[in-house]
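Read the structure below first, then the notes.
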């Protein structure tokens, strides 16, 4: 049976070459809904449907022979409806390279279910998979097949689907039992293979897509936990470029709405359009500037406009987006770029990104952005000049929020930063090299993930291969993450014994939190994989700290790779944040946008919730204690008391409340869990059901210590005077030793004096009194 649409396409393919010579074997994937196919004994591709208990058996490749070509068919029909198939697909892609993904769709009205199956494929296998996708329209009767062209012409959904698959399609009956149709399909797949320069979809492509997907899922998960927080600080994006480069369309894509109206090509505007919105939890303001290559506007006019925009937004976080069409980098566009660079100056170029528009046209030409860049030497040098800081927009694509989110992630987390000055490890004289003789064994289920992570770390430049013999070799430690990925660490304990290290004393949590007096607005910054950003000198790298960029900055504290910026007003906060970000940028440090919290009234920092009202314990810690069951042995009790002691500053008279429990820790006592212990256990849990909010210590306020001596312990509270009375800053208590309990209670005053001496733990923050 000759199908009109099929015959016409095959003629245009001119693929009459022998498949025996060109394509002796290939692997294809069939995906879509089962309503598109009929399983039966004579189904050439899928055969008869079997009762399969698990999905692992179902996607084992079926070996077929069509037109003397050996075909491996992987059946993923309906697989998108199955959960938890990541590991399954990882194993599959480790062993196979896919020449074509065949999307089976029934002729007629395209359903949402059909669209979802293609979305699933793109989500799981990445955008690059689309260059290997072909639609296979299936039909039941010949009369349906004869209407294919009309259906495509009338149905915009089908047109859009076809555009997404680069216009590639074929037809066959649902039974897939026609040898002629199957031969034509194989020719189409061969043509697709040649279009892709005889490249197939590889396991490495799948690994890259999986890593990217997990990063996005983690970003969405983390952002979901900040919903109770207030909107973030202002991010200003200034769109620059020649007239009709796609600045307005890019602004609409960023904000996810039709905020900017495209300007008339014949008119010249000297106005800057300004629109604001929220993108992935960030408050974003977009400035759409006039065209920069307009003969009707002088350089002076353009410079005045640009300076006004910069004055409005440069006090906050400001990024310049140089908009260029991804079609042809002309001499006019090169001159426009040079003019913009001259107007911005070298310092602002560090904050500039190149934003390519019309990425969809590249897809239609089956061309990648890297191939487009490499076509023009001037554009290639431009990208190198901007340190590969570029992003591509498909302005026609639906679901633009993903594009905007990825742009923000790239801007705020532009890969892995690198501290400008390499760190040199200094060894002690006579240090003896250490080399591990027996490596730690990696569990087999984690082996694939470890290989993926090692490959990613090598691509980021974090690690490099050592080809020659080395005297130093430390053990690798693999730690599973909650997300399912793995964290790779190194056990450098033996190396540390031989290192002469710089001393860096971390301030205590109490000291750090005592610096937040008057704070109303907070921003928490997290260095992106902080320790990986410190390059080692070549000799140090063979054997194995963030720089103190925030040292001396007002309203800023750094604790390892977490930085907290605060202000009494929004203006003060934004000004301080701007200074910190500037210094980090100069130091070469990038931030993890998923963990940064900007312009919040409440942040999680150092295991506490910090707000303008004061300091409260982490709800996750208090919940963990409240949910604990009664301990059944000393080990479980010690664990419980350890968690309680971490929150001791929030519990008045703790030493008295936990007395009955502490007695059980003594080796002299037998383990007897009675009513007294059960009551003490419940009392401590109740104390953390609604813990007090402690005021933030202020050096300018009056301070007093209220103390009390109890039969079995000492208790005290540090307080400060506020407008509405005295507020607690911290509680402290300790138990009395057996000897102290026998002290004669000669004078209450002496007892209180002894107690006050025990409150010297607060001296680091009260010594000025």
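Numbering (this note's numbering), first residue to last: 3 to 771.
In this text, a Cβ means the ideal position worked out from N, Cα and C, and glycines have one as well.
A distance below 8 Å separates the beta carbons of residue 48 and residue 75. Measuring C-alpha to C-alpha distances from residue 238 to each of 277, 200 and 288 identifies 288 as the nearest. Counting along the chain, the unbroken alpha helix (DSSP H) around residue 386 starts and ends at 379–387. Counting the other CB atoms within 10 Å of its CB gives residue 582 a total of 16 or more, which places it among the buried residues. Taking 8 Å as the cut-off, the Cβ atoms of residue 40 and residue 176 count as close.
Of the candidates 320, 673 and 27, the residue whose Cα lies closest to the Cα of residue 68 is 27. Per the coordinates, the alpha-carbon of residue 497 lies some 11 Å from the alpha-carbon of residue 477. Here residue 133 is buried. Its C-beta has 16 or more other C-beta atoms within 10 Å.
Excluding the 5 residues flanking it on each side, residue 214 has same chain C-beta neighbours closer than 7 Å at 128, in chain order. DSSP places residue 50 in no beta strand (DSSP E); its state is neither H nor E. In this structure, residue 119 lies away from residue 203, with their beta-carbon atoms at least 8 Å apart. The criterion of a C-beta distance shorter than 8 Å is satisfied by residue 33 and residue 103. Annotation for residue 328: 358, 359, 360, 361, 363, 364, 371, 374 and 394 place their beta carbon closer than 7 Å to its own, counting only its chain and skipping 5 residues before and after.
With fewer than three CB-CB distances shorter than 8 Å, the region 712–728 does not count as touching the region 678–687.
In the three-state reduction of the DSSP assignment, residue 66 falls in the strand class, which pools E and B. Around the beta carbon of residue 468, fewer than 16 other beta carbons lie within 10 angstroms, which makes this residue exposed.
Judged by DSSP in its simplified three-state form, residue 619 adopts strand. For the pair of segments examined, the region 487–497 was found not to touch the region 244–256: the number of CB pairs separated by less than 8 Å stays below three. Secondary structure note for residue 716: its beta strand (DSSP E) is the uninterrupted segment 715–724. Listed in chain order, the non-local C-beta contacts of residue 342 below 6 Å within the same chain comprise 242 and 294, local neighbours out to five positions each way being set aside. For the options 572, 187, 645 and 180, the alpha carbon positioned closest to that of residue 603 is the one of 572. Measuring C-alpha to C-alpha distances from residue 429 to each of 501, 700 and 348 identifies 501 as the nearest. Following the DSSP letters along the chain, one finds residue 734 inside the beta strand (DSSP E) bounded by residues 727–737. Three or more Cβ pairs closer than 8 Å define a contact, and the region 664–679 meets that threshold against the region 628–639.
In the three-state DSSP reduction, residue 471 falls in the coil class, being neither helix nor strand. Within the model, the alpha-carbon separation for residue 180 versus residue 113 is close to 26 Å. Under the 10 Å beta carbon count, residue 593 is surrounded by 16 or more other beta carbons and is classified as buried.
Between residue 610 and residue 617, the alpha-carbon positions lie close to 7 Å from each other. In this structure, residue 99 lies near residue 29, with their beta-carbon atoms less than 8 Å apart.
Spanning the alpha carbons of residue 346 and residue 614 requires a straight line of approximately 39 Å.
For residue 77, the three-state secondary structure derived from DSSP is strand.
For residue 173, the enclosing beta strand (DSSP E) covers residues 171–175.
The beta carbon of residue 605 is closer than 6 Å to those of 524, 526, 599 and 612 in its chain, skipping five residues each way along the sequence. Of 184, 344, 694 and 431, the smallest CA-CA separation from residue 66 is found for 184. Here the region 376–385 makes contact with the region 329–339; the two share three or more CB pairs at distances below 8 Å.
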